[in-house]
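Novice:
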Amino acid sequence: MNDSFRENWTTQVRKGLLELGVLAVLDEERRYGYDLTQRLSRVPGLVIREGTVYPLLNRLKKEGLVEGELEESPEGPARKYYRLTPAGREALSWMKEEWAVLSGGLAELMERRS
Amino acid sequence: MTEEMTPRARVALNDYLEDVRRSLRGSGLDEAEVESDIRDHVRDATAGLGRPIDADAMARVLIDLGPPRRWVTEDDVDTPEPSVDARGPIPDGRRLLAWTVLLTTVLGLALFPWIGPFGLLVAWLLARVAVAESRESGHHVETTDAPNGKPSSWRWMVYPPLVLVSVSLVVVVALAPLPPLMEVPLPASRDLIVGVGMFLWWALLTVLVRTFPRAAGWILFPLLSRQDTR
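Protein chains in written order, with my numbering: chain A, 134 to 247; chain B, -12 to 217.
#1: Can you name, in chain order, every residue of its own chain whose Cβ lies under 8 angstroms from the Cβ of residue 228 of chain A, other than the five neighbours on each side?
#2: Within 10 Å of its beta-carbon, does residue 40 of chain B have 16 or more other beta-carbons around it, so buried, or fewer, so exposed?
#3: If you drop the 5 nearest sequence neighbours on each side, which residues of the same chain put their C-beta closer than 6 angstroms to that of residue 153 of chain B?
#4: Does any residue of chain A bring its CB to less than 9 angstroms from the CB of residue 4 of chain B?
#5: Any contact of the region 207 to 214 of chain A with the region 9 to 27 of chain B, i.e. 3+ C-beta pairs under 8 angstroms?
#6: Compare the C-beta of residue 191 of chain A with all C-beta atoms of chain B and state if any pair is closer than 9 angstroms.
#7: Since residue 173 of chain A and residue 158 of chain A should fall inside the 8 angstroms C-beta cutoff, what is the C-beta to C-beta distance between them, to a whole number of angstroms?
#8: Please tell me whether residue 218 of chain A has its Cβ less than 9 angstroms away from any Cβ of chain B.
#9: Would you call residue 137 of chain A buried or exposed, if buried means 16 or more other Cβ atoms sit within 10 Å of its Cβ?
#10: Rounded to whole angstroms, what is the Cα-Cα separation between residue 109 of chain B and residue 201 of chain A?
#11: I'd like to check one pair, residue -1 of chain B with residue 222 of chain B: are the Cβ atoms closer than 9 angstroms?
#12: By DSSP, does residue 211 of chain A sit in helix, in strand, or in coil?
#13: Let me see if you follow: with CB-CB separation under 9 angstroms, is residue 162 of chain A close to chain B or not?
#14: Run through the DSSP bridge pairs and tell me what residue 216 of chain A is partnered with.
#15: Would you list, in sequence order, the uninterrupted alpha helix (DSSP H) runs of no fewer than 4 residues that lie entirely inside the region 146 to 190 of chain A?
#16: If contact is defined by three or more beta carbon pairs under 8 angstroms, each pair taking one atom from either stretch, is the region 111 to 122 of chain B in contact with the region 148 to 166 of chain B?
#17: Do the CB positions of residue 10 of chain B and residue 55 of chain B come within less than 9 angstroms of each other?
#18: Starting from residue 23 of chain B and walking both ways along the alpha helix (DSSP H), at which residues does that stretch end?
Right under this line is the structure:
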């Protein structure tokens, strides 16, 4: 297996899961951008560059799954917090179910082989 | 936030923002919103650091954010930067420009002091064109600006006039008040007058560089620019 195949495979898997990760983290509580990236960075291998999270957030906002709100901070300038919309919560619920089915099926498949 | 960082850190952040704006053009994304996200991220990422934030700390934050073009699309989010070699050979036009810079520099030095200064000035302008063009094309000539730290080999043809003109300019401007101060018709206090005069002149220059870091970085490239920032 060459490096290119490995990188492509990892990239594709990570891209799909990052979306799920962002929604799952925002389901815990609303977060501002840096806080969100730090939370996601604690998942091994999920976030390589912190800047990758923001374009994804913008797209999720456009799709109505996430919304941002500015809130005055006593420590400095206003901060933008992101949180799930009702549509985002619905999407997350659906994605969790899909993930459970997929990961369960794959785990079973790999167990049989080993 | 900008008051809390060194001039070089500020130049690094401004350069990054400018590259992001350039990448965003025509994308339909809100430039102001993206810039706000970046500034907020930098502010939060440097919250626990000492003040002022220096260029190294800023470089680490910007590297973690990733290349400016990542703000435009998710398509390449986690794809490694292509290597310099993978970008293909340097086009003939760019190679010709680099050779022209080198030739004009050599002629300028050979014909110094007659028309040499003019030749060096032309070489400097051509070299700036080459650097700007290289930034756009991805064949980075700047050592620390290249995404993988590997600049194009032709930087050694482009850098000599840039360094020569920058160093000459620094020397000329730094010592500019010296001749008139030496002419002061008070021999007894001349040393004091020269000392105070030079101190005030350098203080003024320092203030100007700190107030206009982008302009200073542009004029004095590569001595004072994004060199230490990425």
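Beta carbons: idealized from backbone N, C-alpha and C, even for Gly.
Specialist: Let me lay it out:
#1: 152, 153, 156
#2: buried
#3: 207, 210
#4: no
#5: yes
#6: yes
#7: 6 angstroms
#8: no
#9: exposed
#10: 51 angstroms
#11: No answer is possible for residue 222 of chain B: it lies beyond the span of chain B, which begins at -12 and ends at 217.
#12: strand
#13: no
#14: A:200
#15: 166 to 174
#16: yes
#17: yes
#18: 18 to 32
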